[in-house]
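For reference, the structure discussed in these notes is given below.
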Amino acid sequence: MQITGNVVKITDEFLRIKTVSKRQEIDIFFPESKMEAMKARYEPHMGTTIQVEPEEYEKDGYKFAKLWFLYILSPPIMNPENSCFPAAYRVAELMKVLYKSKKASKL
481 MQITGNVVKI
491 TDEFLRIKTV
501 SKRQEIDIFF
511 PESKMEAMKA
521 RYEPHMGTTI
531 QVEPEEYEKD
541 GYKFAKLWFL
551 YILSPPIMNP
561 ENSCFPAAYR
571 VAELMKVLYK
581 SKKASKL
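Numbering (the numbering used here), first residue to last: 481 to 587.
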């Protein structure tokens, strides 16, 4: 499932996005292992399209879904060769975990 919208907030646990279509705010959760990369990639008001996977759970007899981050579809992965800053290589390497690998897409 894809979510397209603008980043409202980034925390240690989730990314809050205001959707383009219905203008509703949705929290997209990610594992702690991706926290540093998510904070490096996103900032408020930034547009994005993300692939997510719903996890269903029940509370007080009601069914809910928690959306989990899978990978980024847009914006494209950063190319460090287009930057004049040496730190861009470290940031680009860090962000690779946020994108679908080319090997995985061939399977």
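Even glycine gets a Cβ: it sits at the ideal position worked out from N, Cα and C.
Cross-strand partners of Arg521 (DSSP beta bridge): According to DSSP, Arg521 bridges with nothing at all.
Host alpha helix (DSSP H) of Tyr569 (start-end): Where Tyr569 is concerned, the enclosing alpha helix (DSSP H) starts and stops at Ala567 to Met575.
Is the separation between the beta-carbon of Thr528 and that of Ile506 shorter than 8 Å? Not a contact, by the Cβ cut-off of 8 Å.
Using CA atoms only, rank isn't needed, just tell me which of Ser563, Thr499 and Met481 is closest to Val488. Closest option to Val488, Cα to Cα, is Thr499.
Among Gly541, Gly485 and Met515, nearest to Glu493 - alpha-carbon criterion: When each option's Cα is compared against that of Glu493, the closest is Met515.
Taking the runs of the beta strand (DSSP E) that are 3 residues or longer, which of them lie wholly in the segment 525–566? Listed in chain order, the complete beta strand (DSSP E) runs (minimum 3 residues) inside the segment 525–566 are 527–539 and 542–554.
Since Tyr551 contacts Leu574 with CB under 8 Å, what's their CB separation in whole angstroms? That belief does not hold up - the Cβ atoms of Tyr551 and Leu574 are roughly 15 Å apart, past 8 Å.
Under the three-state DSSP convention, the category Lys580 falls into: In the displayed model, Lys580 falls within coil according to three-state DSSP, outside both helix and strand.
Where Glu516 falls: helix, strand or coil (DSSP): Secondary structure of Glu516 (DSSP, three-state): helix.
Helix, strand or coil, according to DSSP, for Gln504 in the structure here? It is coil, neither helix nor strand.
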